[in-house]
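Peer 1:
Residue numbers (the numbering used here): 25 to 586.
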């Protein structure tokens with residue numbers, strides 16, 4: 025029994041030593057509701073790791089958001105997408121907290137922001153208040169929770185960043201989430217790593233059947249393998265009181281009792297976050313919408329999340345030897361799920377070969393590449409791909425079929441189109457588009473010179489030239505021309521564009537700029553009369569909306585207010 029307690033103490037000590045040393049009980053909960061999560065730190069997202077906690081706000085907006093510790097507002101950023109309305113607080117101990125998707129700020133901060141928005145005549149704005157301008161104590165009201173920006177529903181995005189602005193797991197600081205549920209294992213995969221390797225007589229990736237045991241762990245049937253082999257796991261976590269499938273905290277792998285791989289979601293930098301595409305099996309994800317985390321490290325992968333990695337996590341399986349491979353997945357509360365994989369080293373002369381689609385376009389990751397045909401050119405800079413790859417490229421008129429989105433792109437690839445054959449008036453309405461579902465063109469940021477259009481892309485697919493000759497659509501929501509709207513607290517207008525998308529909008533009343541907040545998720549512009557910008561009884565409202573190729577629509581109406 026004494027040995028048992030010593031073992032527990034040693035294990036806890038090892039976990040504590042492996043985590044960054046951070047202050048405990050310094051940061052308070054930013055909301056006065058039970059903390060239930062819809063997203064965890066380090067969770068796998070499209071092209072990035074989630075950098076904070078997504079805290080549920082009981083399916084509503086307007087909950088009071090408090091400063092998690094003393095400090096001052098150091099940055100305010102408002103954008104249509106991303107974090108929407110976001111607030112950054114610098115704390116005396118060097119850490120920064122971030123609060124995203126806010127509905128609005130506290131009265132003092134809101135007045136500060138509105139003043140700058142009107143001065144710049146822009147809803148989107150980024151501000152850096154001086155220390156002392158917006159000083160805060162722990163628990164001070166800073167904002168109200170919302171659903172602005174790229175949010176899929178009302179919640180508060182909360183981050184803690186270190187002195188180098190690297191996001192850290194807020195749970196490290198003592199912020200507790202009730203969790204008694206073990207991580208969920210959805211799949212296990214084995215990967216032969218070179219041309220001489222095989223798993224179950226195949227050189228292809230193999231899905232391994234999991235066998236649940238009575239003690240809650242998993243095992244597998246004995247795997248026959250030889251050569252260099254890696255594994256991958258599809259796993260998620262769930263906390264109490266929530267059904268969301270979140271990211272796990274730690275993954276460890278042991279071979280014959282020795283630790284050969286560890287992945288910890290404690291801290292990362294934004295500079296490395298896109299390398300998530302090397303952590304996961306990107307091809308499998310694009311075809312199956314399930315993220316498999318590799319338990320081995322690609323040669324070009326610089327992620328700082330790894331620890332105790334031996335031989336890049338690759339196993340050297342020798343003929344006629346037996347191996348025991350164990351994977352342990354743990355959440356922050358210490359709940360764990362375990363898989364035990366018996367491996368029999370067995371060389372096979374009859375191996376199903378790996379299917380390799382060779383094309384005339386072979387791109388080396390450490391070299392630049394270019395090709396041109398039909399007036400369309402492609403330039404792939406050095407470092408745009410993670411590994412060497414055969415690309416499937418074809419040209420058809422004004423369209424280029426540039427591979428398919430089962431290969432990740434790290435740095436922008438440039439596509440150029442010769443448009444010299446088109447008349448100037450035609451070129452004004454043209455843009456480069458990515459062809460989406462059922463061939464629908466979607467706007468790709470297009471840079472225009474006289475006879476050449478270019479775009480930078482980070483997703484393979486089909487790209488073409490498209491034209492947009494329709495002006496944006498505008499429709500008032502809660503008023504009409506000539507109406508008295510004294511009881512309205514705001515002015516709402518719907519705007520949309522069916523092809524190239526909205527680029528800009530500008531609203532005035534009696535010739536003076538008024539602020540309108542754009543919520544792209546429901547195509548709504550809203551002016552809040554509490555701004556005090558509308559003071560007359562008779563008011564002439566004018567809204568100009570422009571799309572990405574310059575088509576413009578203007579809506580004008582008169583309204584009355586007491």
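Glycine is no exception: its CB is placed at the ideal position from the N, C-alpha and C atoms.
As the structure is a prediction and not an experimental result, all values here were calculated from the model.
With a CB to CB cut of under 6 angstroms and the five nearest residues on each side skipped, what residues in its chain are close to residue 521?
Peer 2: Answer for residue 521: 496 and 571, listed in chain order.
Peer 1: For the structure I just gave you, are there three or more beta carbon pairs, one from the stretch 258 to 272 and one from the stretch 333 to 343, closer than 8 angstroms?
Peer 2: Segments in contact, no.
Peer 1: Determine which residues share a DSSP beta bridge with residue 376 and list them.
Peer 2: Bridge partners of residue 376: 226.
Peer 1: Considering only their Cβ atoms, is the gap separating residue 151 from residue 100 smaller than 8 angstroms?
Peer 2: Yes, the Cβ-Cβ distance between residue 100 and residue 151 is below 8 angstroms.
Peer 1: Please classify residue 565 as buried or exposed, where buried requires at least 16 other C-beta atoms within 10 Å of its C-beta.
Peer 2: The residue in question, residue 565, is buried, as its Cβ has 16 or more Cβ neighbours within 10 Å.
Peer 1: Of all the options 474, 46, 478 and 361, which has the alpha carbon lying nearest to the alpha carbon of residue 238?
Peer 2: Of the listed residues, the one whose Cα sits closest to residue 238 is 361.
Peer 1: Tell me which residues share the same chain as residue 35 and place their Cβ nearer than 7 angstroms to its Cβ, disregarding the 5 neighbours each side in the sequence.
Peer 2: In this prediction, residue 35 scores a pLDDT of 42, lower than 50, which makes its location untrustworthy; the coordinate-derived value is nonetheless stated afterwards. No residues qualify anywhere along the chain.
Peer 1: Leaving aside the five residues before and after residue 470 along the sequence, list all residues of the same chain whose C-beta is less than 7 angstroms from its C-beta, in chain order.
Peer 2: Correct list, in chain order: 455, 456, 477 and 479.
Peer 1: Pick from 368, 201, 174 and 287: whose alpha carbon is nearest that of residue 246?
Peer 2: Ranking the options by Cα distance to residue 246, first place goes to 368.
Peer 1: Give the DSSP-derived three-state secondary structure of residue 555 in the structure shown.
Peer 2: Residue state, collapsed to three classes: helix.
Peer 1: Check for me: the beta strand (DSSP E) holding residue 312 runs from which residue to which?
Peer 2: Careful: residue 312 lies outside any beta strand (DSSP E), inside the alpha helix (DSSP H) at 306 to 312.
Peer 1: Could you tell me whether the Cβ atoms of residue 273 and residue 363 are closer together than 8 angstroms?
Peer 2: For residue 273 and residue 363, no; Cβs fall outside 8 angstroms.
Peer 1: For the alpha helix (DSSP H) that contains residue 300, what are its first and last residues?
Peer 2: Taken as a continuous stretch (DSSP letters only), the alpha helix (DSSP H) holding residue 300 covers 300 to 303.
Peer 1: Can the beta-carbon of residue 286 be found closer than 8 angstroms to that of residue 330?
Peer 2: In this structure, residue 330 lies closer than 8 angstroms to residue 286 by Cβ.
Peer 1: Leaving out the 5 sequence neighbours to the left and right, which residues in its chain are closer than 6 angstroms to residue 172 when beta-carbon positions are compared?
Peer 2: So the qualifying residues of the chain are 108, 109 and 125.
Peer 1: Would the beta-carbon of residue 61 fall within 8 angstroms of that of residue 263?
Peer 2: In this structure, residue 263 lies closer than 8 angstroms to residue 61 by Cβ.
Peer 1: Return the bridge partner residues of residue 286 from the DSSP annotation.
Peer 2: Residue 286 is bridged to 276 and 331.
Peer 1: Check each candidate in 114, 189 and 197 and name the one with the smallest Cα separation from residue 160.
Peer 2: Of 114, 189 and 197, the residue nearest in Cα terms is 114.
Peer 1: Go ahead and label residue 380 buried or exposed: buried means 16 or more other beta carbons lie within 10 angstroms of its beta carbon, across all protein chains shown.
Peer 2: Burial call: exposed.
Peer 1: Check each candidate in 536, 65, 585 and 561 and name the one with the smallest Cα separation from residue 587.
Peer 2: This structure gives no information on residue 587, because the portion of the chain shown stretches from 25 to 586.
Peer 1: Note down the Cα distance separating residue 516 from residue 467, rounded to an integer number of angstroms.
Peer 2: Approximately 26 angstroms between the Cα atoms of the pair.
Peer 1: Does the beta-carbon of residue 441 have 16 or more other beta-carbons within 10 angstroms, so that it is buried, or is it exposed?
Peer 2: Its Cβ being crowded by 16 or more others within 10 Å, residue 441 is buried.
Peer 1: Among 95, 127, 123 and 122, which has the Cα closest to the Cα of residue 116?
Peer 2: Considering only alpha carbons, the answer is 95.
Peer 1: Which same chain residues, not among the five before or five after residue 83, have their C-beta less than 7 angstroms away from its C-beta?
Peer 2: Cβ within range, chain order: 178.
Peer 1: With burial defined as no fewer than 16 other Cβ atoms inside 10 Å of the residue's Cβ, what is the status of residue 501: buried or exposed?
Peer 2: Exposed, by the Cβ-count rule.
Peer 1: Could you tell me which whole beta strand (DSSP E) segments of length 3 or greater appear in the stretch 114 to 168?
Peer 2: Within the stretch 114 to 168, the complete beta strand (DSSP E) runs of at least 3 residues are 120 to 124, 126 to 129 and 149 to 151.
Peer 1: For residue 368, which residues does DSSP report across the bridge?
Peer 2: Paired residue(s): 248 and 346.
Peer 1: Can you tell me which of the three DSSP states residue 461 falls into?
Peer 2: Three-state result, residue 461: helix.
Peer 1: As a quick exercise: from 281, 545, 528 and 579, pick the residue whose alpha carbon is nearest that of residue 145.
Peer 2: That would be 528, whose Cα lies nearest to the Cα of residue 145.
Peer 1: Please confirm whether residue 300 and residue 68 have their CB atoms less than 8 angstroms apart.
Peer 2: Yes, the pair counts as a contact, with Cβ atoms nearer than the cut-off.
Peer 1: Taking only the alpha-carbon atoms, compute the straight-line gap between residue 134 and residue 283 and give it to the nearest angstrom.
Peer 2: Near 52 angstroms, if we compare the C-alpha coordinates of residue 283 and residue 134.
Peer 1: Residue 358: beta carbon under 7 angstroms from a heavy atom of the ligand FAD?
Peer 2: Inclusion of the ligand FAD in the displayed structure is not the case, the ligand content being empty and no account of it being possible.
Peer 1: Taking only three categories from DSSP, how would you classify residue 415?
Peer 2: Strand, per DSSP.
Peer 1: DSSP three-state call for residue 29: helix, strand or coil?
Peer 2: Note that residue 29 has pLDDT 38, beneath the 50 cutoff, so the model's placement of it is unreliable and the number below is only indicative. Residue state, collapsed to three classes: helix.
Peer 1: Rounded to the nearest angstrom, how far is the Cβ of residue 90 from that of residue 52, given a contact under 8 angstroms?
Peer 2: Confirmed, Cβ separation roughly 7 angstroms.
Peer 1: Flag this pair as yes or no: are the beta carbons of residue 385 and residue 324 separated by less than 8 angstroms?
Peer 2: Not in contact: residue 385 and residue 324 (Cβ atoms no closer than 8 angstroms).
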